[in-house]
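Enquirer:
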Amino acid sequence: MKKVILIVLAVALALVLPVAAMAQNANEWRQYQKDERHAGAININLPATNKVSGRTENIGAYESSQPVVAGNRAFVHAGVAGTSGAIYCYDLSTGKKIWNTSVEPVSAWGSWSSPAISEGVVYIGSGSKVQALDAASGKLLWTKDLTTIKANADVVNSSPAIDGNRLIIGDYNNGCYYCLDISQKGKLLWNFSLEASTIGMSTACIVEGRVFVGQSAALGAPVNPNGKVWCVDESTGKAVTSWGTSGYYMTVGKLDVCGTVTAYGDFIYFTDFSFGAASAPNCYLYCLNKGTGKEAWKAGVYGTDGSPAVTDGLVVTAGQQQPGAWPTPGTNWATAFSADTATGKNPKQLWTKSGMGGYTMSACIANGKVAVGNISTGWPSVGAGVQILNPADGSTIWQSTEGGGPAVPTPYGLLSIGNGKMITFGGGAVPNGDYYFAEGTTRDGYQEWICLENPTAGKVNTTIDYMMNDGGARSQKVELAGGSRTTVDVNLFLGANLDVSARVTGDGYFVAERSMYFNADGQNGGEQVMGVTEPAQRFLYAEGTTRNGFKTWLALQNPGDVDANVLVTYLYADGSAPGQQNIKLGANSRQTIDVNLEVGADKDVSIAITANHPLVSERVTYFTHPDEILGSAPNGVHNCTGVAVAGTNWYFAEGTTRGNFKEYLCLMNPGSRDTTATIQYMKASGSAQTVTKELKANSRTTVNVTEDVGSGQDVSARVTSPEAIVAERPMYFQYQPAGDGTATMWKGGHDSAGAAWAAYRWEFAEGCTREGFRTFLCIANPNNANVEVNISYYTFEDTGALETKTAKVDVAANSRQTILVNDAVGQGKDVSMNVSCSRPIVVERPMYFSFNGYTDGGVSPGLPGAL
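In mature numbering (1 follows the signal peptide of the UniProt record, and there is no 0), the protein residues as written are -23 to -1, 1 to 844.
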């Protein structure tokens, strides 16, 4: 669809740097409407047909509830009102049930609360309790009885919303919201009470240290309706009185807000709900400024207890038209609006369509298509099917009479609950990957490679689309055999002296990385990066420097069909006022920014990039480190693709303070409030050490890891903060390969952004054990239990035949383990790898090299796998 074009201007920093507790490439549906912002949009292809590939048994799941997903597992809340409750876990790759565990019975009112999963733990609010279960086994870990806080507490419809260690959930009977510390078995941090005679049935929306919750009148309340949206400080649980009217926004006619707020960019979206008859739209879809509570626009719709689905330029809501007093059966409607989601302007209704939706419905948006369930309009609801729509005109692409609950896109198909069962549409196929590389060059002295891994059994056909600085474009077809690794010589295909970005697409699941080596201007080195899987309107980098010996660049790629206006903001370590730069980036083009030229010499900076249309970015740093290591100053290059959003939790599997290494943690606080960062170092010995750092608002801070843990330590790290921050880890070294029989040092440096969560599987397309290469896997186990990790290596035998080797390694609780891949597969191999575990872990792949005049090292945090 056509999107509104925005001219980006220099604006207040608080509006430039929206942040959230989300991961880079956070492409899993882990909470209600995907995450704690509830935008209901994801970068996954929907099935092409309505083929049903799986049906569970009738487990009594509510049509209005959503499954949540982590890796290949789906978690479903089920039960009979007032009688029973359970969580079911299914393997999406096989359709088989893994476990089910009884939980507190569902409220006597009924409830469509969805589970939430975080750090290998599943959380549910059911009846009067919040409960935590081990995602691997289903074992009940702890229970928080909310009646110990307030008598008659009851969770109805409100799903757990999780941000770091905070879980927020609504209490229907008492009209309040509780914030619990999940690291302390649900210890109460605060509770926020709504006005008298109201109910708390929304799912909390958490963004940038603020919590948005809805208010509606209780049955028989003296003031009825009584709808408001409240803005609450996430740290204190107090209303933010500077927002709206003393912390709230009142709806038109005080219509109740039974549903959930959606946050996207600088705005929030929600609908109100009328319990009366309607001959025309009698409720509103609202768009408010997230920072101030000022109304940007509103439009007439039919009401819903769900939440709007929002992505760049598109807002979709699904509700119900009632011919009489609720719950008289009526007509369901879905409605879509185009709008400038960057400025909160120019809303226009694209279409409205009956036959889908419902009073508890939330739509979802996935890779340019809309999925809407359909539930019967009486009480209790019954699933009546799913439709996939063209967002431009609402035309139906396909529909089914099965399912009906709010749809959940996954790599294994589209999930929807209907008639007590979880239905899977789409054959259970894994996703077709898209990978973007903003940086690339074939200039004299530079060599670029693209490494492709196919971990599936079948063939995958891929296409590499190259975009040159001069506006030129070329495409290259590459066939990937099942269980293989393929290397593409970009210089050989394109020719010399081109600056190039790339996009890699395929008709099946695969993984793409890019390696580059250089020898120019008296320096040499190389780096490796995982492809960016989703263009975004924001990229954040904690690291950046223009000190003597350092040259920092930004590579920007616009893969879209419209020009993008880009704002680059620089945050300084010395407390200077932020600097800003406006750039116009043409459609289907790339551009390079000289950061040294923009900010001047001798500056340590963090960098924020915002745009009115999705783009891809990388930060490249060439260096000669001013501090000698073992008598010599290392030089080389390191690269980082950044993160799309800030978060409260970051993991690093790699790290060492051995005498020939220097390790740093760069911490960016893009928010308007001072905060702290707590760093937990996990050592190879299994011991842990924790330190806390102060972070000023709108600033960058550098941590010398050796000063924290001492020298001679191999460490992984976890960085947490009560506010959303960004963490990055640069390392510099003089590496000496063990057992090579020489005193030769391999100098260089590498850099990685943190991983925002641990995952069950990690993929790596690149790896090499040829002469002059040392490849490692660093595995961090942040769990409180020992784990067994499975590793698969994809390479070729000397005969040219494909070869797969497997290995297992035990990693102790809260520790790290290092694997030398050269020993695992032998010398002389090009190798791809996947690493999996029954509990979530973090994996990075450092690679050191000295060949053909290139000496350096690179590191990749891996891709959270979908298989």
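The C-beta atom is built at its ideal place from N, Cα and C for all residues, glycine as well.
#1: By how many angstroms is the C-alpha of E13 removed from the C-alpha of Q500?
#2: Just to confirm my understanding: we take S837, look at its own chain, exclude 5 residues before and 5 after, and list those with CB closer than 6 Å. What are they?
#3: Report the residue from P707, H727 and G230 whose alpha carbon sits nearest the alpha carbon of F826.
#4: Measuring alpha carbon to alpha carbon, tell me which residue in T721, G632, T683 and P555 is nearest M645.
#5: Could you tell me the alpha carbon to alpha carbon distance between A732 and D148, rounded to whole angstroms?
#6: What do you get for E456, buried or exposed, if any count of 16 or more other CB atoms within 10 angstroms of its CB means buried?
#7: If we call anything under 8 Å between Cβ atoms a contact, is T795 one with G725?
#8: So, is P202 buried or exposed, given that buried needs 16 or more other C-beta atoms within 10 angstroms?
#9: Using a Cβ-Cβ cutoff of less than 6 Å, which residues in the same chain neighbour M824 once the five nearest sequence positions on both sides are dropped?
#10: To the nearest angstrom, how far is the alpha carbon of G277 from that of S331?
#11: Pick helix, strand or coil for T26, following the three-state DSSP scheme.
#12: What distance in whole Å lies between the Cβ atoms of M333 and N367, which are believed to be in contact at a cut-off of 8 Å?
#13: So the candidates are A784, P536, L548 and R567; which of them puts its Cα closest to the Cα of T679?
#14: Where does A(-1) land, buried or exposed, given buried means 16+ other C-beta within 10 angstroms?
#15: Near S284, which residues of its chain fall below 6 Å by C-beta distance, leaving aside the five closest residues on each side in sequence?
#16: For the candidate residues F169, Q453 and S193, whose alpha-carbon lies nearest to that of T464?
#17: With DSSP collapsed to three states, give me the class of T634.
#18: I need the straight-line Cα distance from residue 856 to T318, nearest angstrom please.
#19: Since E430 contacts Y771 with CB under 8 Å, what's their CB separation in whole angstroms?
#20: In this structure, does DSSP put D787 in helix, strand or coil?
#21: List, from N- to C-terminal side, the beta strand (DSSP E) runs of 3 residues or more that fit wholly inside the region 553 to 591.
#22: Buried or exposed: which applies to V119, given that a residue is buried once 16 or more other Cβ atoms fall within 10 Å of its Cβ?
#23: Which residues does DSSP pair with P707 in a beta bridge?
#24: Kindly give me the distance between the Cβ atoms of A58 and Y65, rounded to whole angstroms, as I take these residues to be in contact under 8 Å.
#25: CB A623 to CB I702, shorter than 8 Å?
#26: With V206 and F247 assumed to form a contact (beta carbons below 8 Å), what rounded beta-carbon distance in angstroms separates them?
#27: So is G230 buried or exposed if we call it buried at 16+ other beta carbons inside 10 Å?
#28: Give every residue of the same chain whose Cβ lies closer than 6 Å to the Cβ of Y263, excluding the five residues on either side of it in the sequence, and list them in chain order.
#29: Leaving aside the five residues before and after A198 along the sequence, list all residues of the same chain whose C-beta is less than 6 Å from its C-beta, in chain order.
#30: Pull up the distance between the alpha-carbon of L165 and that of D140, whole angstroms please.
#31: Specify, as a first and last residue, the run of the alpha helix (DSSP H) that N675 falls within.
#32: What are the complete beta strand (DSSP E) segments, minimum 3 residues, inside the region 590 to 658?
#33: Give the secondary structure of I126 by DSSP, where H, G and I count as helix, E and B as strand, and everything else as coil.
#34: With distances taken from CA atoms, which of A313, A63, P388 and N134 is nearest R50?
#35: Return helix, strand or coil for V53, following the three-state DSSP convention.
#36: Does the distance from the CB of G397 to the CB of N35 come in under 8 Å?
Expert: The relevant details are as follows:
#1: In the sequence shown, residue 500 corresponds to position 523, counting from 1. In the sequence shown, residue 13 corresponds to position 36, counting from 1. Their Cα atoms are separated by approximately 45 Å.
#2: For the purposes of this step, residue 837 is taken as residue 860 along the sequence shown, with counting starting at 1. Same-chain partners within the cutoff: Q505, M507 and R822.
#3: In the sequence shown, counting from the first residue as 1, residue 826 sits at position 849. F826 has its Cα closest to that of H727, out of P707, H727 and G230.
#4: Position 668 of the sequence shown, counted from the first residue, corresponds to residue 645. Of all alpha-carbon atoms in T721, G632, T683 and P555, the one lying nearest the alpha-carbon of M645 is that of P555.
#5: Counting from 1 along the sequence shown, the entry for residue 732 is found at position 755. Counting from 1 along the sequence shown, the entry for residue 148 is found at position 171. The C-alpha of D148 is placed about 33 Å away from the C-alpha of A732.
#6: Sequence index remark: in the sequence shown, residue 456 carries index 479 (1-based). Exposure of E456 is indicated by the presence of fewer than 16 other C-beta atoms within 10 angstroms of its C-beta.
#7: Walking along the sequence shown from the start, residue 795 turns up at place 818. Walking along the sequence shown from the start, residue 725 turns up at place 748. 8 Å or more divides the Cβ of T795 from the Cβ of G725.
#8: For the purposes of this step, residue 202 is taken as the residue at position 225 of the sequence shown. Burial of P202 is indicated by the presence of at least 16 other C-beta atoms within 10 angstroms of its C-beta.
#9: Within the sequence shown, the letter at position 847 stands for residue 824. Excluding sequence neighbours, M824 sits near T752 and G835.
#10: Looking up residue 277 in the sequence shown gives position 300. Looking up residue 331 in the sequence shown gives position 354. Cα-Cα distance, rounded: 15 Å.
#11: Working through the sequence shown from its first residue, we reach residue 26 at position 49. Per DSSP, reduced to three states, the secondary structure at T26 is coil, with no helix or strand assignment.
#12: The residue you call residue 367 lines up with position 390 of the sequence shown. The residue you call residue 333 lines up with position 356 of the sequence shown. Contact doesn't hold; Cβ gap of about 13 Å is too wide.
#13: By one-based count along the sequence shown, residue 679 stands at place 702. In this structure, L548 is the residue among A784, P536, L548 and R567 with its C-alpha nearest to the C-alpha of T679.
#14: What you label residue -1 is simply residue 23 of the sequence shown in a count that begins at 1. Caution is warranted here: a pLDDT of 30 is assigned to A(-1), below 50, making its placement in the model unreliable, and the coordinate value is therefore given only provisionally. Around the beta carbon of A(-1), 16 or more other beta carbons lie within 10 angstroms, which makes this residue buried.
#15: Mapped onto the sequence shown, residue 284 falls at position 307. Within its own chain, the residues whose Cβ lies closer than 6 Å to the Cβ of S284, once the five positions on either side in sequence are excluded, are Q10, H15, G236, T237, T239 and S339, listed in chain order.
#16: As a working note, residue 464 is residue 487 in the sequence shown. Of the candidates F169, Q453 and S193, the one whose C-alpha sits nearest the C-alpha of T464 is Q453.
#17: Here the question's residue 634 lines up with position 657 in the sequence shown. Note: T634 maps to coil in three-state DSSP.
#18: Because the chain in this structure spans residues -23 to 844, residue 856 falls outside the shown range and cannot be described.
#19: For the purposes of this step, residue 430 is taken as residue 453 along the sequence shown, with counting starting at 1. For the purposes of this step, residue 771 is taken as residue 794 along the sequence shown, with counting starting at 1. Taking a contact as a CB-CB distance under 8 Å, the pair E430 and Y771 counts as one, their CB atoms being some 6 Å apart.
#20: Taking the first residue of the sequence shown as 1, we reach residue 787 at position 810. Looking at D787 - three-state DSSP - the assignment turns out to be strand.
#21: Counting whole runs of 3 or more residues, the region 553 to 591 contains the beta strand (DSSP E) stretches 556 to 562 and 566 to 571.
#22: What you label residue 119 is simply residue 142 of the sequence shown in a count that begins at 1. Correcting the residue type first, residue 119 is Trp in the shown sequence and not Val. So W119 ends up on the exposed side.
#23: Residue 707 sits at position 730 when you count from the first residue of the sequence shown. Answer is D728, bridged to P707.
#24: Taking the sequence shown and counting its residues from 1, the one referred to as residue 58 is at position 81. Taking the sequence shown and counting its residues from 1, the one referred to as residue 65 is at position 88. 17 Å between Cβ atoms; not a contact.
#25: Numbered from 1 along the sequence shown, position 646 holds the residue referred to as residue 623. Numbered from 1 along the sequence shown, position 725 holds the residue referred to as residue 702. Yes, the Cβ-Cβ distance between A623 and I702 is below 8 Å.
#26: Here residue 206 corresponds to residue number 229 of the sequence shown, with the count starting at 1. Here residue 247 corresponds to residue number 270 of the sequence shown, with the count starting at 1. Contact flag correct, Cβ pair sits at about 6 Å.
#27: The residue labelled residue 230 in the question sits at position 253 within the sequence shown. Per the 10 Å Cβ criterion, exposed.
#28: By one-based count along the sequence shown, residue 263 stands at place 286. The answer, listed in chain order, is F247 and K275.
#29: Start at 1 with the first residue of the sequence shown, and residue 198 comes out as number 221. Shown here for A198: same chain residues with a beta carbon closer than 6 Å to its own, the five before and five after excluded, namely S174 in chain order.
#30: For this step, residue 165 is matched to residue 188 along the sequence shown. For this step, residue 140 is matched to residue 163 along the sequence shown. Distance from the CA atom of L165 to the CA atom of D140, rounded to whole angstroms, is 15 Å.
#31: Here residue 675 refers to the residue found at position 698 when the sequence shown is read from its first residue. Per DSSP, N675 lies in no alpha helix (DSSP H) segment and is marked neither H nor E.
#32: Entirely contained in the region 590 to 658, the beta strand (DSSP E) runs reaching 3 residues are, in chain order, 612 to 617, 624 to 629 and 638 to 646.
#33: By 1-based counting over the sequence shown, the position of residue 126 is 149. Here I126 sits in coil by DSSP.
#34: Looking up residue 50 in the sequence shown gives position 73. Of A313, A63, P388 and N134, the smallest CA-CA separation from R50 is found for P388.
#35: Mapped onto the sequence shown, residue 53 falls at position 76. The answer is strand: DSSP assigns V53 an E or B state.
#36: As a working mapping, residue 397 is identified with position 420 in the sequence shown. As a working mapping, residue 35 is identified with position 58 in the sequence shown. Contact flag set, yes.
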